[in-house]
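In my numbering, the protein residues as written are 22 to 372.
Virtual Cβ for every residue (Gly too), placed ideally from N, Cα, C.
See structure below.
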Ligand code: UT7
């Protein structure tokens, strides 16, 4: 028994935000952003009208239709995001409600593996399908970064990179030996957890990084430490990133985890028909391409249009490539991601 991708879809919000648009809010330039990241524009969701789960639902409807099933056929939902609608409950149940998947047997799982969320979700789905527990798994990666970014110059190294969007797949069992997920490789290392993170609000109350910075009251004070006034006053509730550390680690881990997947399956880099890397930074993807000696036509890059959409980036790029006819039956598709945690992973899929 193998797991196949039976349906795929993506959705990006209508609003296009160019690099030039961002210069209204922060000290940056189109030239800097293109040179360092390759990004030309990104999409932002419509506030009051769209949320992470509604973006996910739009992508999911396309994937469900593409698989030739109905929403009520979905028996398990996996939702990957770092920008959920609510602190809790997670987006999985909100998506379930939005799609009208109301039968009692359906279940929803939320995962928080940031840029690697889709690969982690794929691996989880693969195990559930292979064990025979579920027959139609809906895996969604969706982000609405625009709601949580710091638009001042202080936040520019993070803010210019990220965009909103969603991608989804339907996963089903197949007995065809020549099709489906061949392997998934997952890794993590929490040593640098805070180097690409949104620390606040949270339960840490200064445990990892000291109490003073965040203005925590005396520990005997009951409650009241989730959000402090100092966090708001000192603008401490936005994501932060040590860009160079992330970059340098990513360009080592990406090729390594792809080679691990190839070794697991006895395949070579020359067997890859299409590499769909997490769209972190065009320079990272180009580095990985060179390390694996892949020609341009074998690597998907769409970060120029959408920026880095974290958990959504692989399913958006995969869906776009499939809808553009870049993936044919029998192709070997390689997916790989690296990001916050640090977490990273890869998957090989025979289409
Ligand atoms: O998907 C999650 C994983 N994330 C990533 O993979 C991101 C990996 N890292 C990167 O993509 C890059 O490190 C960045 C694009 C984030 C930054 O590029 P960099 O070449 O590493 O720049 P830097 O952070 O070393 O900053 C260089 C300079 C600094 O100025 P000074 O100190 O040299 O005067 C920054 O303040 O560039 C400045 N800078 C900017 N200037 C204009 C940082 N961000 C910007 C900006 N516009 N948006």
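Between which residues of its own chain and residue i is the CB-CB distance below 8 Å, once the five residues before and five after are set aside?
i: residue 257; result: 220, 221, 234, 235 and 251
i: residue 65; result: 34, 36, 38, 167, 184 and 185
i: residue 103; result: 133, 135, 138, 164, 219, 331, 332 and 361
i: residue 272; result: 305, 308, 309 and 312
i: residue 55; result: 40 and 61
Under 7 Å from any heavy atom of the ligand UT7, does the C-beta of residue i make it?
i: residue 58; result: yes
i: residue 271; result: yes
i: residue 379; result: For residue 379 there is no data in the structure shown, the boundaries of the chain being 22 and 372.
i: residue 177; result: yes
i: residue 53; result: yes
i: residue 259; result: no
i: residue 182; result: yes
i: residue 50; result: yes
i: residue 217; result: yes
i: residue 225; result: no
i: residue 299; result: yes
i: residue 162; result: no
i: residue 167; result: no
i: residue 265; result: yes
i: residue 361; result: yes
i: residue 97; result: no
i: residue 275; result: no
i: residue 140; result: no
i: residue 262; result: yes
i: residue 305; result: yes
i: residue 268; result: yes
i: residue 136; result: yes
Where does the unbroken beta strand (DSSP E) through residue i begin, and where does it stop?
i: residue 65; result: 62–65
i: residue 36; result: 36–39
i: residue 365; result: 364–371
i: residue 50; result: Taken as a continuous stretch (DSSP letters only), residue 50 belongs to no beta strand (DSSP E), as it is neither H nor E.
i: residue 341; result: Premise fails: residue 341 lies in the alpha helix (DSSP H), 334–344, not in any beta strand (DSSP E).
i: residue 130; result: 128–132
Can you check DSSP and say which residues form a bridge with residue i?
i: residue 259; result: In DSSP, residue 259 forms no bridge with anything.
i: residue 355; result: 296 and 369
i: residue 116; result: Answer by DSSP bridge pairing: none, since residue 116 is not bridged.
i: residue 23; result: 195
i: residue 209; result: 364
i: residue 158; result: 97 and 192
i: residue 289; result: Looking at the DSSP assignment, residue 289 forms no beta bridge with any residue, so it has no partner.
i: residue 187; result: 32 and 163
i: residue 204; result: 369
i: residue 320; result: 296
i: residue 282; result: In the DSSP output, where bridge partners are listed per residue, residue 282 has none listed.
Short of 7 Å in beta carbon distance, which residues of its chain neighbour residue i, apart from the five on each side in sequence? Order them along the chain.
i: residue 291; result: none
i: residue 149; result: 97, 155 and 158
i: residue 147; result: 24, 202 and 205
Tell me where the alpha helix (DSSP H) around residue i begins and ends.
i: residue 298; result: Per DSSP, residue 298 belongs to no alpha helix (DSSP H); it is in the beta strand (DSSP E), 295–298.
i: residue 139; result: 138–151
i: residue 305; result: 303–313
i: residue 252; result: 250–254
i: residue 76; result: 73–88
i: residue 327; result: 324–327
i: residue 179; result: 177–180
Can you list, in chain order, the residues of its chain whose CB lies under 6 Å from that of residue i, leaving out five sequence neighbours each side?
i: residue 188; result: 31, 80, 162, 333, 336, 337 and 340
i: residue 179; result: 260 and 262
If you measure from the beta carbon of residue i to each beta carbon in chain C, is any gap under 8 Å?
i: residue 325; result: Chain labels in this structure do not include chain C; a single protein chain is all it has.
Open item on the list: Counting beta carbon pairs with one atom in the region 121–134 and one in the region 88–103, are three or more of them shorter than 8 Å?
Closed with: yes
Task: the region 305–316 / the region 67–87 touching (three or more Cβ pairs under 8 Å) - done: no
Open item on the list: For the pair the region 323–340 and the region 132–140, tell me if three or more CB-CB distances fall below 8 Å.
Closed with: yes
Task: Touch test, the region 191–201 against the region 260–279, Cβ-Cβ under 8 Å, three pairs minimum - done: no
TODO: Examine the Cβ distances between the region 48–60 and the region 143–162 and report whether three or more of them are shorter than 8 Å.
DONE: no
Task: Meets three-Cβ-pair contact criterion under 8 Å: the region 102–121 and the region 292–307 - done: no
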